[in-house]
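The opening residue of the sequence shown carries number 1 in the numbering used here; numbering runs sequentially from there. Where a beta carbon is used, it is the ideal one built from N, C-alpha and C, also for glycine. None of these values were measured; they are calculated from a predicted model.
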Amino acid sequence: VRVDPATRWLCPLDEISSLRDFLAFEDHVERGATRRGGEVPAYWYEAPIYYKGNHQAILGPEDECPWPPYTEWVDFELELALIVGRRGRDVASGSAADHIFGFTVFNDFSARDVQAKEISAWLGPSKGKDFANAFGPCIVTADEVGAEPDLEMLCRVNGEEWGRARSGAIHWKWADIIAHVSAGEDIYPADVYGSGTPGGCCGLDLGRRLRPGDVVELEIERIGVLRNRIGARA
């Protein structure tokens with residue numbers, strides 16, 4: 001299929017039922033533990049943990065990411081997102097693939113200074129994450145990439161590569177994630193689950209910060225490039 005270069009891609013998700021974002025890559029968790037001078041919490045190895053994001057604050061390709069007035073530190077996170085395609089409850093991990101519609105690229109924008117304060121108070125994140133979630137450029141169905149895709153992931157800022165990883169390095173598999181979320185509750189079509197970022201694929205892990213006007217490109221093999229510009233400080 002040939003696409004006119006002038007074509008404007010919109011967010012492939014015009015409505016999201018719910019948004020859950022996981023912390024599923026061990027190397028990212030380990031880096032966080034090192035920054036805090038501690039160890040990975042034991043519970044992280046017992047269940048795939050997540051927070052619930054703002055499913056109304058959605059951006060698509062080429063949309064500008066707003067810089068909220070309450071933060072000094074806007075960051076990006078390169079993630080793979082799963083879209084649920086079938087309702088279920090108490091789904092066994094062996095049947096989880098039947099509930100996967102497909103995958104897309106997810107930029108989990110973060111207000112790092114606010115996020116750190118919220119977590120230090122033993123709840124959240126909330127305002128540290130709620131202002132922007134970008135998805136795109138398209139959804140690739142599971143029959144094309146499989147239920148546990150191993151795809152190259154990379155992030156660039158202003159054309160410079162900042163990080164690279166593979167989605168197959170995820171610790172908690174998508175089957176584990178679906179089984180966990182659906183335990184004792186229903187999952188629905190258009191529910192979205194973010195993988196969390198691999199280690200070294202966000203500014204926090206790299207000790208680097210975005211500035212207003214920076215262009216962030218997140219690319220995942222076989223899906224495409226999600227590009228967003230960082231807006232001016234509010």
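DSSP-derived helix/strand/coil call for residue i
i    : result
R156 : strand
R229 : strand
D21  : strand
A142 : helix
E30  : helix
G240 : Residue 240 falls outside the range modelled here, since the chain spans only 1 to 234, and no answer is possible.
A147 : coil
E15  : coil
A121 : coil
A134 : strand
Buried or exposed (CB count within 10 angstroms, at least 16 for buried), residue i
i    : result
V3   : exposed
Y237 : This structure leaves residue 237 out entirely; the chain is present only between 1 and 234.
N158 : exposed
Y43  : exposed
W122 : exposed
Y188 : exposed
P198 : buried
S120 : exposed
G203 : buried
A232 : exposed
D98  : exposed
Spatial distance of residue i from residue j (CA atoms)
i    : j    : result
E79  : V105 : 6 Å
I220 : L210 : 21 Å
Y70  : G163 : 27 Å
E39  : D90  : 32 Å
G224 : F103 : 11 Å
I230 : I178 : 32 Å
N228 : C65  : 7 Å
Y50  : F22  : 4 Å
A169 : E160 : 23 Å
W235 : S110 : Residue 235 cannot be examined here, being either before or after the span of the chain that is shown, 1 to 234.
D176 : P48  : 7 Å
R222 : L151 : 8 Å
Chain B within 7 Å of residue i, Cβ atoms only
i   : result
E79 : Absent from the structure: chain B. Only one protein chain is present.
Q | Inside the segment 33 to 114 only - beta strand (DSSP E) runs reaching at least 3 residues | A | Counting only unbroken stretches of 3 or more residues, the beta strand (DSSP E) elements lying wholly within the segment 33 to 114 are 50 to 52, 64 to 67, 78 to 84, 100 to 108, in sequence order.
* What are the uninterrupted segments assigned as beta strand (DSSP E) that are 3 or more residues long and contained completely in the segment 175 to 234, given in chain order? -> Listed in chain order, the complete beta strand (DSSP E) runs (minimum 3 residues) inside the segment 175 to 234 are 191 to 194, 215 to 220, 224 to 233.
Fill in: Stretch pair the segment 115 to 123 + the segment 136 to 151: three plus CB contacts closer than 8 Å
Counting C-beta pairs closer than 8 Å gives fewer than three between the segment 115 to 123 and the segment 136 to 151, which falls short of the contact rule.
message: Under 8 Å, with one C-beta from each stretch per pair, do the segment 118 to 130 and the segment 176 to 190 reach the 3-pair mark?
response: Inter-segment contact for the segment 118 to 130 and the segment 176 to 190 is absent: fewer than three beta-carbon pairs are separated by less than 8 Å.
Does the segment 42 to 62 touch the segment 8 to 17, meaning 3 or more C-beta pairs lie closer than 8 Å? Yes: the two stretches touch, three or more of their Cβ pairs being nearer than 8 Å.
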